[in-house]
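What follows is a single structure, written as structure tokens, with notes after it.
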Amino acid sequence: MSSIQSKVFSIYIDEIRKEDYQQNHPNIYLKVLKSRSIHVPSIYSREFVNPQSILDISFKEPLLTLTTSLFPKTFQPEILGYTLNATQQFFTK
1 MSSIQSKVFS IYIDEIRKED YQQNHPNIYL KVLKSRSIHV PSIYSREFVN
51 PQSILDISFK EPLLTLTTSL FPKTFQPEIL GYTLNATQQF FTK
């Protein structure tokens, strides 16, 4: 494992092993959406599986993330660039 892969893996492990369930990213996002009065259906509901209020274009970035993550060695430069770009956009808003 390269040093870059090792660092990225340690971030991943830190994220999935957070002891405080309320501090993991999905829960934080849900809290933010709820605070803005945005309804997110239960993951067990049909409404969650087939949302009418989400445009198809909304899946463009998640699909890119998923497809590159399936081949991390092949797309390592793209994954790092995408991550840096997303992080930079977050901190400059």
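Residue 14 in the UniProt record's numbering sits at position 14 of the sequence shown, and the numbers go up by one each step.
Where is the CB? At the ideal position from N, CA and C, for every residue including glycine.
Coarse secondary structure for residue i, derived from DSSP in three states
{"i": "residue 34", "result": "helix"}
{"i": "residue 71", "result": "coil"}
{"i": "residue 25", "result": "helix"}
{"i": "residue 16", "result": "helix"}
{"i": "residue 63", "result": "helix"}
{"i": "residue 100", "result": "As shown, the chain starts at 1 and ends at 93. That puts residue 100 outside it, with no answer to give."}
{"i": "residue 58", "result": "helix"}
{"i": "residue 3", "result": "helix"}
{"i": "residue 77", "result": "helix"}
{"i": "residue 82", "result": "helix"}
{"i": "residue 45", "result": "coil"}
7 Å Cβ cutoff met for residue i and residue j
{"i": "residue 57", "j": "residue 68", "result": "no"}
Beta-carbon contacts of residue i that lie in its chain and below 8 Å, excluding the five residues immediately before and after
{"i": "residue 42", "result": "48"}
{"i": "residue 30", "result": "40"}
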